[in-house]
Structures are given as structure tokens and as C-alpha cells.
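Here the sequence shown stands for residues 9 to 247, numbered as in the working numbering. First the structure, in the form of C-alpha cells, and then the observations on it.
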Amino acid sequence: MRIILSKSTEDAVDTVTTIVLDKLTSHPSLVLGLATGRTMEPVYEELVSKINKNSVKTDEAFFFMLDEYIGIDENHPSSFKSYIKKRLMLPLNLLESQFAFPPTNLAGEVYEELIKQIGGIDLQLLGIGVNGHIGFNEPGSSIHSRTRIVDLTDETKNANQSHFGQEKMPNKALSMGIASIMDGKELLMLVTGKSKANTVKYLLNHHDDESCPATFLKSHPHFTLVLDPEAASKISLNI
Ligand code: F6R
Numbered sequence: 009m010r011i012i013l014s015k016s017t018e019d020a021v022d023t024v025t026t027i028v029l030d031k032l033t034s035h036p037s038l039v040l041g042l043a044t045g046r047t048m049e050p051v052y053e054e055l056v057s058k059i060n061k062n063s064v065k066t067d068e069a070f071f072f073m074l075d076e077y078i079g080i081d082e083n084h085p086s087s088f089k090s091y092i093k094k095r096l097m098l099p100l101n102l103l104e105s106q107f108a109f110p111p112t113n114l115a116g117e118v119y120e121e122l123i124k125q126i127g128g129i130d131l132q133l134l135g136i137g138v139n140g141h142i143g144f145n146e147p148g149s150s151i152h153s154r155t156r157i158v159d160l161t162d163e164t165k166n167a168n169q170s171h172f173g174q175e176k177m178p179n180k181a182l183s184m185g186i187a188s189i190m191d192g193k194e195l196l197m198l199v200t201g202k203s204k205a206n207t208v209k210y211l212l213n214h215h216d217d218e219s220c221p222a223t224f225l226k227s228h229p230h231f232t233l234v235l236d237p238e239a240a241s242k243i244s245l246n247i
């Protein structure tokens, strides 16, 4: 695992977007796995701006979404499809055919097959939940899990309820599994903010611990963790 400690949140976002931009420049047919959530909002904003500024080609790239809620229409403003349409697809004039969305009406195996057919995910972007979830692989998820329907924990629902206003937030999602994520050739996780400081501390001090699914990623040969100062505030690294 490679850990990058940043001087500021902006610096952390710059690190992540620079890594993605470099990959896209050297490998225009990059297959990029996309996470959603608040952490990723500035990442997509800056990525769009850097891609435009540097005239980087995106028409050969392909994108896989990590997860999607079940029980809401795909065009619901809080669906992950709407999230990525607004932040990446429309601003970059990407085609919908360049994206794969978890097929919430079908079995997860269909998605796994699609990932395999395309040759796997080159770079997977990830955030982390306060409870250590990745994608929507909640605590208790197995290292062998694949794309499947998952029940969201109360903690996750509370963290995301504000996206749904007065409306009740979905109880379920379709999420790539931990084994599906681990198949990615490179994993890039961004963690920002003091609400994640204890999560980061736990992550760094535990291994293969189902109660914090992100710990499984530490055995991936190419896992980079980018932290802002607040997310890193409870760890001490001997450098
Ligand atoms: C969603 C996803 C989740 C989020 C996590 C953190 O696609 O992958 O694992 O990364 O819930 O969400 P934020 O960034 O909103 O704290």
C-alpha cells in the first residue's frame, strides 16, 4: 500500500486527478471504475477541468460505476447515474455507451461478465464510509464477495439521507463486491475530512478485518491511499 499525505484537501484532490489524467493521457482506452459520494465531487470537477485544459482524449475511455441504489428510478436526482451524468458524462460530452451501470433489475453476474469481457478495470477510484465500507460493501462483507444486492446499514442510510430530503432513502443497493474491486489493476482511494479520521486509523492498524471491509484492500499490490490532513489527523507514520 502506498500512502500519500497531502498538505490540504485541494492538494489531495490534485494528486488524485493528476494520477487519473496521466493514465488517461498515456492510455486513452483506459477502463476507469467510478465511485460517487461527497468526497468525489471535487475530484470530478477538477478532472473535467484538467481534461479540458489539456485537451485529453476521452472518446476511447470506458467507465464502470461501482454501485447503484435499488428501488429508485435511474433518473432520480439522487441516483448514482444522475450523479455521474451531471459531474462527468455531460461536462465531457461522453456518450452513455461509454458507461456501464450496475444492472439493478438483473443479477450481479451480468455486470461481472461485462467487466471481464472488457478486459477488467485498469484504475478503480474509491471513497470510504465512516464504517469502513467500500462501494456498498458494508461491514461483514466477505473478501470473496462479487457484484450483488446488499442491505445498507443504518449508519450508511443516516450518512446519505440528506441526498433524499424528506423522501425515504433506499434500503438496498447493487454493489460490486470486494473480490470484484480487488480484481482492478490499480486501486486509488481518497479520504478527506475529520469524520473519517478514526476510520483511517482503524484501516491502517488492521488487516483482513471484515468489520472494516477497506482493510482487505491492503493486500492489493497496487493500492494507493490519498489522505488530506484531517483524515490523517489520528495516525502517526514513522517516515
Ligand atoms: C459510493 C461509494 C461509497 C462512498 C462512501 C463515502 O459510490 O463508493 O463507498 O465512497 O460512502 O461517501 P462520502 O464520500 O459521501 O463520504
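We put the beta carbon where it would ideally sit given N, CA and C, even for glycine.
Using the DSSP secondary-structure output, state which residues sit across from residue i in a beta bridge.
i: VAL208; result: VAL208 pairs with nothing; no bridge assigned.
i: ALA181; result: TYR77 and VAL158
i: ASN145; result: ILE142
i: GLN174; result: In the DSSP output, where bridge partners are listed per residue, GLN174 has none listed.
i: ALA108; result: PHE72
i: ILE186; result: In the DSSP output, where bridge partners are listed per residue, ILE186 has none listed.
i: GLU194; result: LEU131
i: LEU13; result: LEU235
i: VAL199; result: LEU235
Closer than 7 Å, CB to CB, is residue i near chain D or not?
i: GLU163; result: Absent from the structure: chain D. Only one protein chain is present.
Give the C-beta separation of residue i and residue j to the nearest angstrom, bearing in mind that I take them to be a contact with Cβ-Cβ under 8 Å.
i: ILE136; j: ILE129; result: Actually they do not touch by this definition, with Cβ atoms about 18 Å apart.
i: LEU38; j: LEU32; result: 5 Å
i: SER86; j: ASN145; result: Actually they do not touch by this definition, with Cβ atoms about 20 Å apart.
i: THR155; j: ASN139; result: Rounded, the Cβ-Cβ distance is 20 Å, inconsistent with contact.
i: ASP75; j: ALA205; result: Contact flag wrong, Cβ pair sits at about 24 Å.
i: LEU211; j: GLN132; result: Their Cβ separation, rounded to whole angstroms, is 16 Å, which puts LEU211 and GLN132 out of contact at 8 Å.
i: PHE72; j: ALA108; result: 5 Å
i: GLN106; j: ALA69; result: 6 Å
i: GLU218; j: PRO147; result: 7 Å
i: VAL208; j: ILE151; result: Contact flag wrong, Cβ pair sits at about 20 Å.
i: ILE126; j: LEU100; result: ILE126 to LEU100, Cβ: 19 Å. No contact.
i: ILE11; j: LEU245; result: 7 Å
i: LYS65; j: PRO36; result: 5 Å
Are there any heavy atoms of the ligand COA lying less than 6 Å away from the beta-carbon of residue i, as far as the coordinates show?
i: GLY192; result: The ligand content of the structure shown is limited to the ligand F6R, which means the ligand COA is not among them.
Quick check: the region 216-236 against the region 185-201, are at least 3 beta-carbon pairs closer than 8 Å?
Below 8 Å, enough C-beta pairs join the region 185-201 and the region 216-236 to call them touching: three or more.
Counting Cβ pairs, one atom from each stretch, are 3 or more of them under 8 Å apart for the region 87-94 and the region 154-164?
With contact defined as three or more Cβ pairs closer than 8 Å, the region 87-94 and the region 154-164 are not in contact.
Is there contact here, the region 44-59 with the region 12-26, by at least three beta-carbon pairs under 8 Å?
Two segments are said to touch when three or more pairs of C-beta atoms, one from each, lie closer than 8 Å; by this definition the region 44-59 touches the region 12-26.
At least 3 beta-carbon pairs within less than 8 Å: the region 198-213 vs the region 228-244:
Contact between the region 198-213 and the region 228-244 is present, because at least three Cβ pairs lie under 8 Å.
Would you check if the region 170-179 and the region 70-88 touch, i.e. whether three or more CB-CB distances between them fall below 8 Å?
Taking 8 Å as the limit for Cβ pairs, the verdict is that the region 170-179 does touch the region 70-88.
Uninterrupted beta strand (DSSP E) stretches inside the region 19-103 (no shorter than 3 residues):
Qualifying beta strand (DSSP E) stretches, in chain order: 39-42, 70-73 and 75-78.
Extract the residue ranges of the beta strand (DSSP E) inside the region 218-242, only unbroken runs of 3 or more that lie entirely within it.
Here the runs fully enclosed are 231-235.
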